[in-house]
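Novice:
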Amino acid sequence: MQRIRPGWRVAVTGIGAVCGLGWGVDSLWKGLRAGRPGISSFRRFDHSRHRTHLAAEAGDPPESFVRSCPGWRRLSIADRFALFAAREAVARAGLALPLGEEAEAGVYFGSSTGGMYESELFFERFLRDRRGRLSSLIPQQVNAPGDAVARHLGSTGPVVTFSSACASGALAVGAALDAVRAGEVEVALAGGSDSLCQLTYAGFNALRSVDEAPCRPFRAGRAGMSFGEGAAVLVLEPLERALARGAEPLAVLAGAGASCDAHHMTAPDPSGTGAAAALDAALADAGLPPEAVGFVNVHGTGTPLNDAAEWQALKKVFGDRAGELPLVATKALIGHLLGSSGAIEAVATVLCLHHGELHPVAGEGEADPELPVNLVLDEPLPVPGARAAVSTSLAFGGSNAALVFSPWGDRPGEQTGDQLG
Amino acid sequence: MSEPVLITGLGTLGAWGGGSDRLAAALAEGLPLAREVDRSAGYHLPQSARRACLVPPGDLAGWLSPGEARRMSPPSKLAVTAARMALRCAGLCDGDGEAGTAVVIATAFGPSTNTEALLKQILDEGPEAASPSLFMESVANAPAAQIAIALKARGASLTVCEREAGPLIALGTGAAEIAAGRAGRVLAGAVDEMIPLLHALLDRFGALARPGEDGEELARPFDRRRDGFLAGEGGTVVVLESEAGLAARGGRALARVLARGGAFDPTAPPSGWGHGHRALARGLRRTLERAGLKPRDIDLVVSGASGAREGDRLEAEVLRAVWEGGTLPPVAAPKAVTGEYGGGHLAAAVLAAAGSPLGPTPGFAETDPALGITPLDGSPREAPAVVLATSLAAGGAAAWVVLGRG
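Protein sequence lines, in the order shown, are assigned to chains R and W. Residues 1 to 421 in this note's numbering are what the first sequence lists, from first letter to last. Residues 422 to 827 in this note's numbering are what the second sequence lists, from first letter to last.
(1) Please report how far the alpha carbon of Leu420 (chain R) lies from the alpha carbon of Ala322 (chain R), in whole angstroms.
(2) Does the ligand ATP have a heavy atom nearer than 7 Å to the CB of Asn562 (chain W)?
(3) Please work out which residues of its chain come closer than 7 Å, Cβ to Cβ, to Thr156 (chain R), disregarding the five sequence neighbours upstream and downstream, and give them in chain order.
(4) Under 8 Å, with one C-beta from each stretch per pair, do the stretch 628–639 of chain W and the stretch 768–780 of chain W reach the 3-pair mark?
(5) Quick one: does Gly94 (chain R) have its CB under 8 Å from some CB of chain W?
(6) Considering Leu466 (chain W), what are the terminal residues of the beta strand (DSSP E) in which it resides?
(7) Could you have a look at Arg677 (chain W) and say whether DSSP puts it in helix, strand or coil?
(8) Would you mind listing the beta strand (DSSP E) stretches within the stretch 686–761 of chain W that are 3+ residues and don't spill past its ends, in chain order?
(9) Are the C-beta of Asp545 (chain W) and some C-beta of chain R separated by less than 8 Å?
(10) Do we get a CB-CB distance below 8 Å when we pair Met225 (chain R) with the residues of chain W?
(11) Looking at Val723 (chain W) and Ala757 (chain W), is the spacing between their C-beta atoms short of 8 Å?
(12) Identify whether Leu394 (chain R) lies in helix, strand or coil by the three-state DSSP scheme.
(13) For Ala144 (chain R), decide whether its Cβ has a neighbour in chain W, counting only Cβ atoms nearer than 8 Å.
(14) Please classify Lys498 (chain W) as buried or exposed, where buried requires at least 16 other C-beta atoms within 10 Å of its C-beta.
(15) Kindly say whether Ala276 (chain R), judged by its beta-carbon, lies nearer than 8 Å to any beta-carbon of chain W.
(16) Quick test of your reading: Ala455 (chain W) and Ala473 (chain W), contact by CB under 8 Å. State the CB separation rounded to the nearest angstrom.
(17) Hey, out of R:Met265, R:Ala389, R:Val107, R:Val233, whose CA is closest to Glu184 (chain R)'s CA?
(18) Classify Met506 (chain W) as helix, strand or coil using the three-state DSSP reduction.
(19) When you compare the CB of Glu248 (chain R) with every CB in chain W, is at least one pair closer than 8 Å?
(20) Return the residue from the list R:Pro217, R:Asn306, R:Leu250, R:Gly385 that minimises the CA-CA distance to Gly363 (chain R).
(21) Could you give the DSSP three-state label for Gly192 (chain R): helix, strand or coil?
(22) According to DSSP, is Phe295 (chain R) helix, strand or coil?
(23) Is it the case that the Cβ atoms of Phe81 (chain R) and Gly230 (chain R) are separated by a distance below 8 Å?
(24) Cβ atoms of Thr522 (chain W) and Gly834 (chain W): under 8 Å apart, would you say?
(25) In this structure, how does DSSP classify Gly799 (chain W) when only helix, strand and coil are distinguished?
(26) Taking CB distances under 8 Å as the criterion, tell me whether Met615 (chain W) reaches chain R.
(27) Against Ile138 (chain R), what residues of chain W qualify as contacts under a CB-to-CB distance less than 7 Å, listed in chain order?
(28) Classify Asn562 (chain W) as helix, strand or coil using the three-state DSSP reduction.
(29) Could you tell me which of R:Gly398, R:Val317, R:Pro304, R:Pro268 sits nearest to Ala276 (chain R), measuring between CA atoms?
(30) With three or more beta-carbon pairs closer than 8 Å as the criterion, would you say the stretch 176–196 of chain R touches the stretch 338–348 of chain R?
(31) What residues in the stretch 255–267 of chain R bring their beta carbon closer than 9 Å to a beta carbon of chain W?
(32) Is there at least one Cβ from chain W nearer than 8 Å to Phe42 (chain R)'s Cβ?
(33) In chain W, which residues lie less than 8 Å from Arg51 (chain R) when you measure between Cβ atoms?
(34) Is there a Cβ from chain R that is less than 8 Å from the Cβ of Thr811 (chain W)?
(35) Got a sec: which bits of the stretch 461–479 of chain W sit with their beta carbon under 8 Å from any beta carbon on chain R, in order along the chain?
(36) Are the beta-carbon atoms belonging to Pro290 (chain R) and Val12 (chain R) less than 8 Å from one another?
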């Protein structure tokens, strides 16, 4: 088996995203920076009989993208999100298409439900009268968005889809990091995609895990998550390769770690031990001490149990610093993207590092005295000297993942990846 | 550089019953194991496929506590049972390793029974009828999570969904966890259930073998008359350890993982196979090169050929391209016995690497001249030293794993 090559650093050279704040990274950053939630009533399906009625639904795609996408009508919504994010990331990375002709490229994707929304349209009829358009089932597979990316971008390297619920996207990014480090691929597209569907909307509501108001991570009175949808993709490649071809890295993906609570199918281990193990593993993989971390993009779903367990994990890893460390709660603005949440929050983390400031969330409501966190509220927070940042993903089934990014660049007051220990 | 990764335990259950001995016996005899699918729900078309390789009732007894059996979906039960079988085969107990044990499980369709029931509740009765217990066991990662909970495995928990390529990707991903030093032990494998609804839909897509004029319904991999695969179900889990880890605790290895690799055929339609054999062959060559191997070093190919008309054609094209027109090593097609899905192919590859003989290929009678591959006919052969396991998924993904003797 190939061993990971020591000393290899992996650059993020391109990012792409779709979510309730818009199509494209510029829309994402603008919305995040404004700190206004994109969570509101939505149109995807009739939710009048559901328990809650909010989601961060992606709007209509840019017409130019629709026109440029062959077979658009046959693609599921999750496929469309994935393709947009992948194309944007590849374009920003300055890579040519088809990918397979330029480099050995792999696709590492996460999704929790793939084309389930389209499947529901099929099953609504099939379960009633045994009829239905089979073609609407074709993109139903969980692996469909990742496969669609590889197919449309002409990628001929490995394609792997992870479906570990809300950790899927982050686990995919970690697997891509491994593949680049091991020399299995020269370029990796890592990300995830999920669209709103009734199955997960009704399922999480049945668990009473959804807030009737936009979610309020780490705040007193928080009552659950808000749904989101969308996709995000990061282009990863060896730092030396990126520099050699003249690409400007956005950040360095320094490490990844994963663990499992082995506790309960839906409830997190309240001690936070499993989540802390993933954070510790990611920092060890990056070769960085906890003191190097300048901020954390938390999983922060807004469920009472999850946020409490995450706080315990942060205390285990960061000790006395846990209450001072700035926390970024992206889900408060874009909702929970489930299988792609880890990917889009990785993109948000890269953007924060790249711009040297942390996006806020609306500071409405009371702070939770049980969770004395330093959540970034109301205004962007400058962090010019952050040596590293962590993004956490804590999933259904106890699957935890953490990613460590370090900055790249020469902006005043900012250390470069070269200076990292 | 290479890091030896050993397979020290194998647990498997499927149409052959519970245990690798039963699968080894079925493979040695070359017995087709399919039986009638329940078609009473009316999902099937009149002329549809009727058979699948289904787990016989009662084969989970003794492996799960009543509480576990009550709360788990069928795939979770299969996965936990296979994991416990694998640990026992490796001479380990539940909870051995704990913090350092990772879980990597592939599934093509996830917990279908629960998903179907939940969809019926939501779509027929209304979303307020959705059951929380059905939902929590409808997610694709439920089997991996239940293994972790049952066995206190606190390393990474990964679920791979890449259709027919998933089981080999899971094995390769698990081996990479060991090689990277992130896990001391990995439980890697595959699980799937074949419910009547899924069977009927696969048949409506034209994926399944249909009853022939003689009434037989066989997979016939590489055969000129092949017309689809036999759907299967089951669970297979292997225990992976480092050479140093095994040496420290004592024990024996069944096989070793020499290399993993993957590729993608962008010409493949979302639900079928394409014509990109050159790209896939390049991926397979790289896989062999990473292990320091040449095609002539392969003693046996345990092919993922299933009887799928286009899938077997592409598999043959890839193998012929890598061997550059030369003589191929013997090719086994165990999915003729195990069916597609559920990890039977993965278990067969491990058994072959461990020296278990593979017998004739049921259903095979006539070589397809366009393919030029005649799978094993039951002739006695030397145990292979190096085994190549292959799997080309509908939709474009491909995965390979190279196994050596323990």
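Ideal Cβ positions, reconstructed from N, Cα and C, are used throughout, including at glycine.
Specialist: On the basis of the supplied data:
(1) No answer about Leu420 (chain R) holds up, because its pLDDT of 33 lies below 50 and its placement is not dependable.
(2) This structure does not include the ligand ATP; it has no bound ligands of any sort.
(3) Gly100
(4) no
(5) no
(6) Here Leu466 (chain W) belongs to no beta strand (DSSP E), and DSSP marks it neither H nor E.
(7) strand
(8) 721–723
(9) yes
(10) no
(11) no
(12) strand
(13) yes
(14) buried
(15) no
(16) 6 Å
(17) R:Val107
(18) helix
(19) no
(20) R:Pro217
(21) strand
(22) strand
(23) yes
(24) Look at the range of chain W in this structure, 422 to 827, and you will see that residue 834 (chain W) is not part of it.
(25) coil
(26) no
(27) Pro691, Ser692
(28) coil
(29) R:Val317
(30) yes
(31) Gly257, Ala258, Ser259, Cys260, Asp261, Ala262, His263, His264, Met265, Thr266
(32) no
(33) Pro548, Glu549
(34) no
(35) Gly463, Tyr464
(36) no
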